[in-house]
Every structure is written in C-alpha cells, then in structure tokens.
Amino acid sequence: MEPTPERRIGREEKVATGKLHATQYLVALVLLLLATGMWRLQVLGAEGYKQLAEANRIRKTAILAPRGKIFDREGRILVDNYPSVECFLLRDQVKDLKADLPLIGKGLHMQEQDILAVLKKYQLEPKYEAIPLKQDITPDEQAFIEAHRNELPELETRDVQRRLYPRDGFAAHLIGYVGEVSEQDLNSPKFEFYEPGDVVGKSGVEEMYDALLRGTDGSRDVIVNSHGKEVGQLGQQMAKPGTDLRLTIDLDLQTVAERAMEGKNGALVAMDPHTGEILAMVSRPTFDPNQFAVRLTRSYWSQIVSDPDHPLMNKAIQAQLAPGSTFKIIMSLAGLEEGVAQAMRVNCAGGGTFFGHFFGCDKHHGMVDINHAIPWSCDTFYYTLAEKLGIDTIAKYATEVGLSQKTGIDLPDEASGTMPSTAWKLKTQHEKWYAGEVISVGIGQGAVQVTPVQLARALSGIASGGVLKRPHVVFANEVPPQMESALISSYPGSGDRTIPLSPENWETITDAMADALGPGGTAGAAHLEGIDFAGKTGTAQVVSHSAGATSLGAGKERANAWFVGMSPRRNPDIVVAVLWEHGGWGAGSAPVAAQVVNAFITKQRKRAGNLRLADGPQPGDSPTQDSQPAPRPAKTVATERNESPVMDGVRTASTGPHAKPGVTTSSPIPQP
Amino acid sequence: MRRFSSFRDFDWMLLTLVLLMSLISVLEIKSATLHTKFHGFGQKQLGFLVVGLVLMFLVSMIDYHRLVDIAPWAYGIGVLGLVAVLAVGQKVLGARRWINLGGGVHFQPSEWVKLLLILMVARYFWGLIGRELSWADIGKAFALVCVPMALVLKQPDLGTALTYFPVLIAGLFLGGIRVKQVLILVLGLCVLGLGAYLSGKRLKPYQQARINSFIDPGSDPKGAGYQILQSKIAVGSGGLWGKGTNKGTQTQGDFLPIPYTDFIFAAFCEEHGFIGGLGVLLLYFLILTRLIQNAQQASDVPGTFIIMGVVAVILFQVLVNIGMVVGLMPVTGIPLPLMSYGGSSILFTFLALGIVMNIRMRRFVN
Chain F
283 MEPTPERRIG
293 REEKVATGKL
303 HATQYLVALV
313 LLLLATGMWR
323 LQVLGAEGYK
333 QLAEANRIRK
343 TAILAPRGKI
353 FDREGRILVD
363 NYPSVECFLL
373 RDQVKDLKAD
383 LPLIGKGLHM
393 QEQDILAVLK
403 KYQLEPKYEA
413 IPLKQDITPD
423 EQAFIEAHRN
433 ELPELETRDV
443 QRRLYPRDGF
453 AAHLIGYVGE
463 VSEQDLNSPK
473 FEFYEPGDVV
483 GKSGVEEMYD
493 ALLRGTDGSR
503 DVIVNSHGKE
513 VGQLGQQMAK
523 PGTDLRLTID
533 LDLQTVAERA
543 MEGKNGALVA
553 MDPHTGEILA
563 MVSRPTFDPN
573 QFAVRLTRSY
583 WSQIVSDPDH
593 PLMNKAIQAQ
603 LAPGSTFKII
613 MSLAGLEEGV
623 AQAMRVNCAG
633 GGTFFGHFFG
643 CDKHHGMVDI
653 NHAIPWSCDT
663 FYYTLAEKLG
673 IDTIAKYATE
683 VGLSQKTGID
693 LPDEASGTMP
703 STAWKLKTQH
713 EKWYAGEVIS
723 VGIGQGAVQV
733 TPVQLARALS
743 GIASGGVLKR
753 PHVVFANEVP
763 PQMESALISS
773 YPGSGDRTIP
783 LSPENWETIT
793 DAMADALGPG
803 GTAGAAHLEG
813 IDFAGKTGTA
823 QVVSHSAGAT
833 SLGAGKERAN
843 AWFVGMSPRR
853 NPDIVVAVLW
863 EHGGWGAGSA
873 PVAAQVVNAF
883 ITKQRKRAGN
893 LRLADGPQPG
903 DSPTQDSQPA
913 PRPAKTVATE
923 RNESPVMDGV
933 RTASTGPHAK
943 PGVTTSSPIP
953 QP
Chain X
59 MRRFSSFRDF
69 DWMLLTLVLL
79 MSLISVLEIK
89 SATLHTKFHG
99 FGQKQLGFLV
109 VGLVLMFLVS
119 MIDYHRLVDI
129 APWAYGIGVL
139 GLVAVLAVGQ
149 KVLGARRWIN
159 LGGGVHFQPS
169 EWVKLLLILM
179 VARYFWGLIG
189 RELSWADIGK
199 AFALVCVPMA
209 LVLKQPDLGT
219 ALTYFPVLIA
229 GLFLGGIRVK
239 QVLILVLGLC
249 VLGLGAYLSG
259 KRLKPYQQAR
269 INSFIDPGSD
279 PKGAGYQILQ
289 SKIAVGSGGL
299 WGKGTNKGTQ
309 TQGDFLPIPY
319 TDFIFAAFCE
329 EHGFIGGLGV
339 LLLYFLILTR
349 LIQNAQQASD
359 VPGTFIIMGV
369 VAVILFQVLV
379 NIGMVVGLMP
389 VTGIPLPLMS
399 YGGSSILFTF
409 LALGIVMNIR
419 MRRFVN
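Chains as they are written, first to last, in this note's numbering: chain F, 283 to 954; chain X, 59 to 424.
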C-alpha cells in the first residue's frame, strides 16, 4: 500500500479558491436553468397545461333519459322500460385493438367485422366518447367483461333502460318501435341534434312522438384516474325523463280486435266519431317490436322484409285498396245530396248494360230503391246511380268526406288513397276520362283506393251528420300545443271539418246500413241482438277490373273483404272499419267488426251501470254475463285490479325480448 | 494531534436546511401516495430519515482521514459487491440492482459505491495535488470511475451509473486538468457517444425509446413519451401558486408516473406551483452553497475533494431529475436527492452529510 497522502509533507495542501467559486456560479447557473424550465411550463404555458390536465381527469358521460312510457286511455301500461346492460367501448383506453379483437369477439359473441363496423360508424366522434358496442348483453357476457378488466380496459358496461313492448306484436304497428338512429337519418335536418347511438322512434307513436317520449339526456362530469376508473364527480345535469304518453287506445277493445284479426291478413280501425279518438288499431300480419328494440338479428329482419304480406306495414293507414261496396255509402250520400237517389227505382236483373257493356250484380234483386240498395248491396242500382251522377260529382262528395287525402292521423307515413275524377285522370295519366269508367267506380272498384282509417273517418262523418274529425291516437290536449298545431297543419284539408248534410239523407243511409245487419242484409249473420249496429260490407276484386265479376278468386287473387260499421246508427259512439285481405265476401269481415262493437257497447253499458244482458244466446256463447261472441280461452286470468292482460304479458316477457316470439296471443279478454 | 471537535462546530445551519427539505419531501410523498397502495411511504420515508440522521451523527464522529485511509479497500469491496449483484442479484423489472439480504432487506450496492467512489477519487487526487495532470493520471482517474460505472450499466441502471460521472468531473476539475485536455476529452467523448447512438445497439430498447420520446414526446403519448408529457402537464397545470396539497389532479389521479420517487418534483410543482418549486430550488441553492463553503473551509485537500464530490453528485442529480421533470432532459430514472422516496438514496445523502460534518468539525485542525 502507498503511503497515505497526508504524510507527504511539503506539498501545497489547498485547492484553489477560484475553482470553488466557479462551482458556486455553476450551481447558480444550473438552478437558474431549471427555474427557467419551470417558468416556461408554469407561467407561460400554465393555461394550456391546465386544460390538458382537465381533459385528462374529466370524462363527460351521458345520463340517458328514460323514455316516456305509453299507456292506454285508462292508464294501463302498454310500453314499459326495463333495466338492461349495454357494453361500451372506450377508444381512449385501447392499446392494441387489433390484438384484442378476437378475445372481444369471443366474449361478446360478436363477429370481428361487426365490431369494426361499429368503430367505423363512430370514427368521427371524439375519442373520449364511449361508443355502444353491444346492447342488452347477457349475464355471462357481463361476467366476461368483469373478468377481463385488466386485459380489456376498453370495455365498460353501463346500465340503460330498454323498451319493453307487449308480446306477440300486440298493437305493434300503432306503437311502433325504437332503434338506433341510422346514418342516413343523421344526415337529414330533422335529426340535426341527434348523435350516433341515440335511440329514436322508428315507426308508429314512437316515431311520431319521439320528441316527447325521448326526454333530454343529462350529463355527468366525472373525475377519472389514469386507468379510467371513476374516482369522483364534479357536477351533473340530471336527465329529463321523457313524457309519458296516454293513447286513445282502449286496451280491452284492442285486445278484442287483436283476437278477432288473429290469423287474418289486413287491418282494423275502431274510432270514436265524436272526437276522432282511435280506440283500437290492428294490422296483420304483425311483428315483434322487441326484436327491434335490441339489435335486430339478420334472420329476423330478412324474414320480415321478405314476407309478401308486409308485416311492417301498418295497413290501417297505409293499405290503399279498392273499397268495394263500402263505397256505396259515399255513392248513396252523393245521390241523396244531389236529389237523384230519393226517387230512383232500379230493376235489378242480375246486372245491367251501361255504355254498351254488361255489368253484373251477384243477385237478381228485382225492384230496388235506396233503402234496399244499401242492405242488399245491389250493384245494378249503383251502376245506374253512378251513370246519373257522373265521376266528378261522385269525386266531389268522396273528397268532401276525406277520400284521396290523408286523414291527418298522428302516425307516420299515412297513405292518401285515390279518388278518380276527370281532372285526376288528366293529371296522372294525361288521358281523357271515359264516361263508362264511372260504372265500376259506382261500386268502389276501378281506380278508387282507400285506407281503412279513411273509410272509418268518412263513415264517422256521414253518420254524425257531416261532422268529420281528425283521427288521432294521442289525446290532443296532452301534447304541447305547438306540436299539435304542427301536426294538423301538415295535412291541409284534413283534420276536423264539418260538411253540410241534410238530416234526412244521412238518416236514410244509416237506417239502410242498420238493415244490412238485419234479416236479408248482406251482413245479417253479424247481427248483434240488443245493440244498434249498422254497417256495410264490401267485396273488392283484387285482380279483375271488370266490375261485377261474381267469382271471388282464390289465394292472392281472392277478393278483399271489407266492412265498415257503427253503433248506434246515428251519432255513433264507435265506428269500425275492417279490411280482411283475400278474405272473400265482405260478409266475412262483418263478424270481426261485430266482436269489437259488441265488446265496446258491453263495456259502455257496464260502465254506465245499466248493463242489459244480450237477449237470447248466440252461437258459441257461454251462458254468462259475458256476451262477447269470441270464444273464451280455456285459461282465463281474471284480473281484479284492473290489470291488463298485456301487463300480464309484459311481466311474463320480463325475461326480456329473449322470450320466444310467435306464441299465439293467449291473453284473455279482461272483464271490465 | 488533532483535538476532538465538539458538536458546537457541527453545521447546524446545513442540518436545518436539509431537515427542512426532508420535511417537504415527507409531506409531498404523503400527498402523492394518498390514494394509492403506497400510502404508507411518507411514514417509511420518515423512518429512513431517522436512521439517516443517526448514521449521519455516527459518521460525523469518525475522522474522515480514517475513511480516506480505508478507501481503497472499501472501493475494492464495493466493486466486488457490484459483481455480486450481477451474479446473484435479484431481478426486478428486468434489472439486477439489489441483493436480497433476507428479512425484507434489499441491499443496493450501487448507491454505496457512489460514496466510496467520492472517497476514492478524493484520495487519488490528493496524491496528485500540486502537479500538472498527465494523460496517465487522467486515464487512471477514468479507470477508477469507469469500472464501477460499467458494472452498474450492466445491471442495467443507466441513471445511477451516470451519477458516478460528476464525481470524476469534479475530481478532474479540482485536480487541475487543463483546458486543452478538457477539449480533447470532450471531443473524444462526443465521438464515442455519437458512435454508440448511431449503432443503437448499446442502448436497451427502453433507453432508446426514452431518448426518442424526449426528442418528440407526442410521438407515442401512451408509451415512453407518456411520462414526460404527464410530468409536463403536472408541472404546467400547477401554475404560479399550485393546486394545493392533495389537490394535484395529475398526482392524485395517477396520471403522473411514480410521483413519490423520480417525479416527486412534478407532483410538488403541481400542488405548490412555480412559487413552491422556486422555494425548493432556493433550498438546493442554499444547501449547495453551504456545502461549497464547507469545502472551502476544509482543513486539507481530501476534505475539499470529498465535499465537492458530494456537491457534484447532488447538483448533477438535481439537474438531471428536475431537468427531466420539466422536459429539458430525457427520462433517466435518477432520484431527486433529499426529495425522492427511497432508503438507499436517503442513506447515501446522510452518510455523505455525516462525512461533510466531520470535515467541517475538523476545519480548524492543523
């Protein structure tokens, strides 16, 4: 070992002070440099960095407003919400999505391309916004997300409210369904304030009253840590729940109507002529809106859209078909108002020759006047009347009672039908009207097209002395006035109006319609004892335009069976229009309407406390106070607390929309 | 013979400044670990401080000349310890830095080697004082420092390895290196460094990433650049006055990486602002100035060298750590002396201070 330095005597034993001073300056310099760095960040850049810090820790999350519930006119629930879990993807938490895709796909039972499609859809949204990946996830999918918190921090579950519709497509067309707003919709001005992923009404009441039902989403500013975990809350704006809607629908009547239309193809509208309130509305075939509330499966969608019977179409307002003999009501009105029909006597010999062509009638009615022409539905009489009136006079009255225009019902995509006239033909076909064409119009064939709701409104007006009401499914005084007025003004010429009719004329018509349900009338079989039930059948040829053809045809060529009726015959409380596509004779539709009318009147009487039992038993009727012609189901759930059968269905279906569709309605008719 | 100096000559001023700094450290560690599983670290740091203080007093009673005497032996053992780390050390996060002594005690030789190096360098240059440094002298000095440095680099622990370098610089500077020699050295080092950087093979991928992300922090905000970015956001958002104790959103929200060790100054600046940060810098200035004063007053050359070695290490760590925190330097993983949580760092500092105290107490000896 060397000798320790201290023993080396005689050396200079001091370090130059200058060097230590230099070090002192170096210290000052270094610290000054660091202070400059701090100044740059904390003083010059403070505002920018403060914003970055806020952006780091604050996450805005939407509080979804629960959608308004939908009730029937008596406050019984039709559409409810149920709690559901939705899976969201947090794109700002994604490290390597490509690598995670297979695992996510497996755990959530999704195709990888579907996940990518969702991402693409939201690619323009800010990164910090979570995007909905899968709705209504199952408990095991939820467990998967919980179990993979660390591997897949980008997945998050949120509790949401989902729509729960009645089972088996009950009132499905009327109520409609909700779905995610589509990309095309987002581009239209109507959806200016909507964002991808928003749930909107897609049809029916859900679409029409979306603005009311949807409410206003709230938002919550939460403080998150770097793992996206919520550690606090800054402030929140509560969601404004959607407004509950009360429909004019009577659940009891709707149930009867649904059952009466079961297995048929067509539509039924029941309305209160005093107000225009729709009491029941059915369209068949129907669909399960619950399938739409959650992401639609491809197979169900293709099944629905490829169905030749158009299950998504609300035929009550969208089916435009020849009215057949139901048009004779309007013919009669025109004839009587013009003073032509009163004294008209026509000898029906199974038809007649007009404009050089023979037009048949299905019977030899002999001498017919207006009082018999309606109940017997004598074509020959109306051929003659049509010839006398001419197309434009007929069109004038038809238009007066609302044909060839929308009724203004508060449901989306109503069809307007067609009423031919000379002007119409010139305009649409650029051809002259041939006088002979009026003959088939006289019996509701030819170019005449009506919707069931139009027919119901027309009859309502005629049977109420010319007071026509705008049909509606939501009580007008229960929606904001500006919404109501916007609705009405969107259908000029429709809505509420009064046309001057002389009393003896519409009384003649209504009396004759009552006879139609009497002995010898076309709908005599649908006669309701003890109930003032009047109506008119219609058998509209589907294929052959040669009016008066007696063959009904078969299958898709089979004639459409119409019936419009009311009770009581004057100033009725209910008007029912029934369309049974390919149902054959119009007389076949009459019992359907009769069931609804009977249920309505029975309930009305019970409510009034002066129930009169139907005199005399009817075929298939059980000897109870229940005089409904519908066969009672074996399994009857008597609901005492005024609970609706649909509610019962709702509860059964509370396993969610996973419940198997296609089960025939077994909901009993409630005893009011 | 030297008379024993009393504690009256103890540098109470320096101790007060150091304790003030330690208090700030404990409070900030407490705040930074408030909502984490490390919330006991403030207490633990306090424990380290107590042990450190005791050691400091004990060391201050040992004549530093004895330490200089045994420096070569200690240095040899230290180097052997580093070799042992590479052989039997515990691998944590891809690096062997600790030897597990059992009973929950982990020994990190590289921190202690720093101290031994300071003593060894002081001893070495003491022997050279008074004459001009030859290239051989310089070469030996480099060898002295670079052997442990290489071993630590191998662990790999670039940060600690770098802290050995200022000891060498201080030694060379005070030992009388000439400007010409400095220029040649700097040029040589630059060429070497450039070559290493271009080859890119000497650096671990994470080290490469740190340098890349320093050059462009936005390039990979969730990866290597994330730390620098979050640190800058923390410091910047603190503004002039800070967000207040326990209120730093970057710190409390776990956005700031390891806010109780390497990034503690960012946490402090976020919660106490520019003013608070400036206060800490001022404290460092006072502590370092006081140390330099003591170096001036030291009775002999090794005393001066030892203190200046300590000054060099502290100044370097402050520069690199705070420089990193404010985005002026790349991420190196060097703790901030007297601030960062960690037993080894504290013990080094207080042992070093103990030696400084001893040197001071003997300043009138002659």
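Positions of the beta carbon are idealized from the N, C-alpha and C atoms, including for glycine.
Taking the straight line between their C-alpha atoms, what separation do you get for residue i and residue j?
i, j, result
"residue 147 of chain X", "residue 326 of chain F", "46 Å"
"residue 336 of chain F", "residue 378 of chain F", "25 Å"
"residue 223 of chain X", "residue 203 of chain X", "7 Å"
"residue 853 of chain F", "residue 370 of chain F", "56 Å"
"residue 458 of chain F", "residue 383 of chain F", "35 Å"
"residue 730 of chain F", "residue 452 of chain F", "31 Å"
"residue 520 of chain F", "residue 465 of chain F", "28 Å"
"residue 684 of chain F", "residue 664 of chain F", "21 Å"
"residue 592 of chain F", "residue 431 of chain F", "45 Å"
"residue 477 of chain F", "residue 288 of chain X", "32 Å"
"residue 297 of chain F", "residue 233 of chain X", "8 Å"
"residue 862 of chain F", "residue 796 of chain F", "21 Å"
"residue 579 of chain F", "residue 450 of chain F", "17 Å"
"residue 316 of chain X", "residue 393 of chain F", "40 Å"
"residue 656 of chain F", "residue 444 of chain F", "51 Å"
"residue 311 of chain F", "residue 340 of chain X", "12 Å"
"residue 101 of chain X", "residue 525 of chain F", "57 Å"
Going by C-alpha distance, which of the options is nearest residue i?
i, options, result
"residue 455 of chain F", "F/764, F/598, F/732, F/630", "F/598"
"residue 357 of chain X", "X/138, X/331, X/237, X/415", "X/415"
"residue 745 of chain F", "F/791, F/754, F/312, F/468", "F/791"
"residue 144 of chain X", "X/343, X/126, X/399, X/213", "X/213"
"residue 345 of chain F", "F/355, F/388, F/517, F/420", "F/517"
"residue 219 of chain X", "X/378, X/418, X/419, X/411", "X/378"
"residue 363 of chain F", "F/418, F/590, F/398", "F/418"
"residue 138 of chain X", "X/101, X/126, X/168", "X/168"
"residue 842 of chain F", "F/858, F/860, F/807, F/821", "F/821"
Touch check for the stretch 524-544 of chain F and the stretch 556-566 of chain F: three-plus C-beta pairs under 8 Å? yes
Runs of 4 residues minimum, wholly inside the stretch 626-690 of chain F: which ones carry the alpha helix (DSSP H) assignment? 652-658, 661-671, 673-682
With contact counted as at least three CB pairs below 8 Å, one residue from each stretch, are the stretch 361-376 of chain X and the stretch 226-238 of chain X in contact? yes
Short-range partners of chain F found in the stretch 193-211 of chain X, where Cβ spacing is below 7 Å: If you check each beta-carbon in the stretch 193-211 of chain X against every beta-carbon of chain F, none falls closer than 7 Å.
Contact residues within the stretch 304-328 of chain X, judged by C-beta distance below 7 Å to chain F: 307, 308, 311, 312, 313, 327
Considering only residues of the stretch 498-522 of chain F, which uninterrupted alpha helix (DSSP H) runs meet the minimum length of 4 residues and lie entirely inside it, listed in chain order? none
Examine the Cβ distances between the stretch 539-559 of chain F and the stretch 719-735 of chain F and report whether three or more of them are shorter than 8 Å. yes
Cβ contact check for the stretch 245-256 of chain X and the stretch 204-212 of chain X: 3 or more pairs under 8 Å: no
The stretch 641-660 of chain F touching the stretch 692-699 of chain F, judged by at least three CB pairs closer than 8 Å: no
Just by C-beta distance, which residues in the stretch 223-256 of chain X are closer than 7 Å to chain F? 231, 232
What are the start and end residues of each continuous beta strand (DSSP E) run of 3 or more residues lying completely inside the stretch 745-769 of chain F, in chain order? none
Residues of the stretch 81-115 of chain X with a CB closer than 8 Å to any CB of chain F: list them in chain order, please. 93
Is it the case that the stretch 320-329 of chain X contacts the stretch 300-311 of chain X, given that we only count it when at least three CB pairs across the two stretches are under 8 Å? yes
Three CB pairs or more closer than 8 Å across the stretch 174-186 of chain X and the stretch 332-341 of chain X: no
For the stretch 339-359 of chain X, list every residue whose C-beta sits within 7 Å of some C-beta in chain F, in sequence order. Flagged, chain order: 339, 342, 343, 346, 347, 350, 353, 354, 358, 359.
Can you list, in chain order, the residues of the stretch 544-570 of chain F whose Cβ is nearer than 8 Å to any Cβ on chain X? Sequence-ordered contacts of the stretch 544-570 of chain F with chain X are nonexistent [C-beta pairs closer than 8 Å].
Contact residues within the stretch 318-331 of chain F, judged by C-beta distance below 8 Å to chain X: 319, 320, 321, 322, 323, 324, 325, 327, 328, 330, 331
Counting only Cβ-Cβ distances shorter than 9 Å, please list the residues of the stretch 299-314 of chain F near chain X, keeping chain order. 299, 301, 302, 303, 304, 305, 306, 308, 309, 310, 312, 313, 314
Beta strand (DSSP E) segments (min. 3 residues) lying fully within the stretch 152-221 of chain X: 153-160, 163-165
At least 3 beta-carbon pairs within less than 8 Å: the stretch 746-753 of chain F vs the stretch 664-681 of chain F: Flag = no, the stretch 746-753 of chain F and the stretch 664-681 of chain F do not touch.
Could you tell me whether the stretch 838-851 of chain F touches the stretch 612-621 of chain F, where touching means 3 or more Cβ pairs closer than 8 Å? As far as the Cβ criterion goes, the stretch 838-851 of chain F does not touch the stretch 612-621 of chain F, which means the pair count is below three.
Closer than 7 Å between beta carbons: that is the criterion. Which residues of the stretch 124-138 of chain X meet it against chain F? Residues passing the 7 Å Cβ filter: 127.
Using a Cβ-Cβ cut-off of less than 9 Å, list which residues of the stretch 402-415 of chain F approach chain X; keep chain order. none
Report the residue ranges of all alpha helix (DSSP H) runs contained in full by the stretch 285-355 of chain F; include only those spanning at least 4 residues, in chain order. Taken in chain order, the complete alpha helix (DSSP H) segments of 4 or more residues contained in the stretch 285-355 of chain F are 299-321, 328-339.
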